[in-house]
Amino acid sequence: MVTLWWKPILVAIASLGGLHGLIKMNERKIDRFFMGVFRDLGRHKARRRRHQTSTGLVAILLKQDDPMEDLASIEEEDLSNLPTYTSAELEEFGDGYDGRPILISIFGRVYDVSKGAKYYGPEGGTYGSFAGQDVTYALSTGCRTEECVYDKTVDDLSEKDMDEGKRWLSFFHLHDKYPLVGQMEGDHLEILMSQLVESSITDEEGELKAPLRMG
């Protein structure tokens, strides 16, 4: 995950050319860009570790890969032994305080990101507000304001945002240190996940797509 190390560098450069205001206006877009770059670098490394091969890094960074290929096995998963959380329970038991784990959910899947406490920890982590929350909207849009973290939901996402969200889902699914530990309550999330997977592995006529391989 990426911190905001880029901000003072760009501000210093921009101040020389009078572009400080322009960068300030586009801060969210710049933040989202760097978040995506470091996320996709992580996805590339994880694919290489897991499969000893990977779609070319350039193709991944240019978003020419299909992140849902990484999730084709989701529909075969047996989640019956994993706990189901309500939003209140996720916040209560996954806020990272007093020795509790740091849990986040994305598209209804709950991951334990405690080993990334320096990023997600509630006491000073760059993404500390994510602890114990569903972060589907926040990550998909690159927005970390209180409104985006606490009030917005997957139903507020545009199609473009959904595509970005799939890449974040792929990131957590492939990550060695962030295990899947539960699921969120709500049948609509299960339906959404099935639709995401199905739309990525079948064409308009319902036939299986040939996997994309580059590099």
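Residue numbers (the working numbering): 9 to 223. All C-beta atoms, glycine included, are put in the ideal place defined by N, C-alpha and C.
- Counting along the chain, LEU111 sits inside the beta strand (DSSP E) bounded by residues 111-114.
- LYS168 and GLU131 have their C-alpha atoms spaced approximately 32 Å apart.
- Contact between the segment 156-165 and the segment 178-194 is absent, with fewer than three C-beta pairs closer than 8 Å.
- Secondary structure of GLY150 (DSSP, three-state): coil.
- Here VAL66 carries a helix assignment [DSSP, helix/strand/coil].
- Between the segment 146-161 and the segment 98-110 there are fewer than three inter-stretch CB-CB distances shorter than 8 Å, so the stretches are not counted as touching.
- Counting along the chain, VAL45 sits inside the alpha helix (DSSP H) bounded by residues 35-59.
- Note that the C-beta distance between GLN191 and VAL118 is below 7 Å.
- In the structure shown, the three-state DSSP call for TYR145 is helix.
- Exclusion of the five residues before and after GLY44 leaves GLY150, GLU172, ARG175 as the residues of its chain whose Cβ lies within less than 8 Å of its Cβ.
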